[in-house]
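Engineer: In the working numbering, the protein residues as written are 1 to 367.
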Ligand code: MRU
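And the structure:
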């Protein structure tokens with residue numbers, strides 16, 4: 001389907017997700033499984049279609065699946081209206097659909113966080129309210145989460161650009177407009193530094209098995225006119241040894257109270273390599289990615305994905321039928337390998353329980 005003219009971020013990167021209409025409207029997603037070859041949008045008019053899009057990575061990236069989940073709950077309110085459910089039955093329907101949406105992918109905390117925050121609005125709806133009020137109230141909250149994420153990205157970009165060391169930059173997976181409601185987290189640090197006049201080369205790990213680096217990060221950077229070099233994941237060690245890389249910067253799916261970071265598979269290895277070569281390793285993430293209820297990385301549930309992603313990547317069989325696979329979508333980087341975490345409030349460095357608490361405290365202070 002076509003989108004109207006306001007459907008792009010700066011640099012003409014199309015928006016990754018958009019709500020159409022009012023509380024009884026629907027969600028439109030840029031289908032990221034088709035990129036970079038085709039720019040196609042998916043219409044989601046049922047909660048099941050939102051869940052499918054999250055699970056097959058049509059929509060992906062921790063902050064963006066949170067936003068999609070929040071809008072998914074507005075879709076659920078529309079379903080309740082069509083079925084003419086009573087007030088109580090609507091509440092039951094919303095809470096069931098919220099449970100399904102939050103469980104669509106287990107590792108990124110942003111999904112359960114955003115769905116929970118949106119569902120909480122239901123408690124303030126009066127028993128006598130018309131049924132359309134559910135959709136309208138949930139939509140207001142989903143739009144607020146979306147708009148907040150845009151602002152968080154901007155702040156992360158500004159803080160990060162100010163402290164990014166000289167030299168070329170290595171990144172992993174995709175952390176840009178395609179992964180957030182704004183211009184990204186780690187990638188926004190890079191694009192903000194570039195917009196401020198800094199000049200460097202961005203090296204993007206291809207990020208097997210689903211190639212978010214090659215397909216999505218390179219696509220975003222090419223659109224923005226920023227030079228990008230794609231490398232196979234296993235070339236990162238040689239690249240770091242070459243001395244060209246001034247910093248490594250990645251995003252996060254969940255950050256524990258101790259500062260352990262779950263992120264795309266391969267991040268942990270990259271952090272070890274960065275340490276071995278004396279290159280600072282940064283994580284950029286909004287405060288909504290911190291999960292202070294989880295003490296350390298070993299407690300994080302890591303999503304395991306289908307064997308075919310490894311044996312038949314992009315539809316080409318590269319391993320024989322009968323071979324088993326090991327395909328975790330994420331890994332955990334221990335806090336002691338991370339030089340600093342860039343949030344919307346600034347830099348958390350060194351990464352410890354105490355500095356994290358202090359760094360996040362600023363979000364609770366009146367502005
Ligand atoms: O499986 P994906 O593509 O959703 O994984 C995405 C990542 O690991 C990103 O690095 C993370 O969500 C941060 S996005 C700002």
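Here a beta-carbon is modelled for each residue, glycine too, at the ideal position from N, C-alpha and C. None of these values were measured; they are calculated from a predicted model.
(1) Just to confirm the assignment, what range does the alpha helix (DSSP H) spanning residue 69 have?
(2) So does residue 330 have its beta carbon nearer than 7 Å to some heavy atom of the ligand MRU?
(3) With a threshold of 8 Å, are at least 3 pairs of Cβ atoms found where one atom belongs to the region 52-59 and the other to the region 158-174?
(4) Quick check on residue 111 - is its C-beta less than 8 Å from some C-beta in chain C?
(5) What are the uninterrupted segments assigned as alpha helix (DSSP H) that are 4 or more residues long and contained completely in the region 213-259, given in chain order?
(6) Specify whether the region 280-292 and the region 225-242 touch according to this definition: at least 3 beta carbon pairs, one from each stretch, less than 8 Å apart.
(7) Please classify residue 412 as buried or exposed, where buried requires at least 16 other C-beta atoms within 10 Å of its C-beta.
(8) Quick check: the region 327-343 against the region 256-265, are there 3 or more CB pairs under 8 Å?
(9) Which same chain residues end up closer than 7 Å to residue 232 when comparing Cβ atoms and leaving out the 5 residues on each side of it in sequence?
(10) Could you tell me the alpha carbon to alpha carbon distance between residue 213 and residue 38, rounded to whole angstroms?
(11) Straight-line CA distance for residue 317 to residue 64?
(12) Identify, in the order they occur along the chain, each residue of the same chain with its Cβ nearer than 7 Å to the Cβ of residue 186, setting aside the five sequence neighbours on each side.
(13) Among the candidates 183, 200, 40 and 268, whose CA atom is the shortest distance from the CA of residue 245?
(14) Report yes if the C-beta distance between residue 303 and residue 105 is below 8 Å; otherwise report no.
(15) Could you tell me the alpha carbon to alpha carbon distance between residue 296 and residue 272, rounded to whole angstroms?
(16) Excluding the 5 residues preceding and the 5 following residue 18 in the sequence, name in chain order all residues of the same chain whose CB lies nearer than 6 Å to its CB.
(17) Which one of 110, 69 and 108 has the shortest CA to CA distance from residue 94?
(18) So, are the CB atoms of residue 46 and residue 75 less than 8 Å apart?
(19) Roughly how many angstroms lie between the CA atoms of residue 275 and residue 164, to the nearest whole one?
(20) Taking Cβ positions, are residue 40 and residue 48 nearer each other than 8 Å?
(21) Classify residue 207 as helix, strand or coil using the three-state DSSP reduction.
(22) With hydrogens ignored, establish whether the beta-carbon of residue 294 is closer than 7 Å to any heavy atom of the ligand MRU.
(23) With a floor of 4 residues, list each alpha helix (DSSP H) that falls wholly inside the region 95-161, ordered by position along the chain.
(24) For residue 127, which residues from the same chain have a beta carbon less than 6 Å from its beta carbon, with the 5 sequence-adjacent residues on both sides left out?
(25) Tell me whether residue 101 counts as near the ligand MRU, meaning its Cβ is closer than 7 Å to at least one heavy atom of that ligand.
Structural biologist: This is what the structure gives:
(1) Bounds of the alpha helix (DSSP H) holding residue 69 are 62-82.
(2) It does: the Cβ of residue 330 is within 7 Å (strictly closer) of some heavy atom of the ligand MRU.
(3) Not touching, per the Cβ criterion.
(4) As a matter of chain content, chain C is missing from the structure shown, which is built from one protein chain.
(5) If we require 4 residues or more, the alpha helix (DSSP H) runs fully inside the region 213-259 come out as 218-224 and 236-241.
(6) The region 280-292, when compared against the region 225-242, does not touch it at the 8 Å Cβ threshold.
(7) No information on residue 412 is available, as it lies outside the stretch 1 to 367 that the chain covers here.
(8) Touching, yes, given that three or more Cβ pairs across the two stretches are closer than 8 Å.
(9) Closer than 7 Å at Cβ, skipping near neighbours: 206.
(10) Their backbone Cα atoms lie some 17 Å apart in a straight line.
(11) Each residue's Cα considered, the two are about 30 Å apart.
(12) If you ignore the 5 residues before and after residue 186, its C-beta comes within less than 7 Å of the C-beta of 171, 175, 249, 250, 251 and 284, all in its own chain and listed in chain order.
(13) That would be 200, whose Cα lies nearest to the Cα of residue 245.
(14) For residue 303 and residue 105, yes; Cβs fall inside 8 Å.
(15) If you take the alpha carbons of residue 296 and residue 272, they lie about 18 Å apart.
(16) Same-chain partners within the cutoff: 28.
(17) If we check each option's Cα against that of residue 94, 69 comes out closest.
(18) Yes, they are a contact pair.
(19) Their Cα atoms are separated by approximately 17 Å.
(20) Remark: C-beta atoms of residue 40 and residue 48 do not approach each other more closely than 8 Å.
(21) Of the three classes helix, strand and coil, the one that applies to residue 207 here is coil, per DSSP.
(22) False, no ligand heavy atom lies under 7 Å from that Cβ.
(23) List check, alpha helix (DSSP H) in window: 109-120.
(24) Correct list, in chain order: 87.
(25) With a cut-off of 7 Å, the C-beta of residue 101 is classified as distant from the ligand MRU, since no heavy atom of the ligand falls inside that distance.
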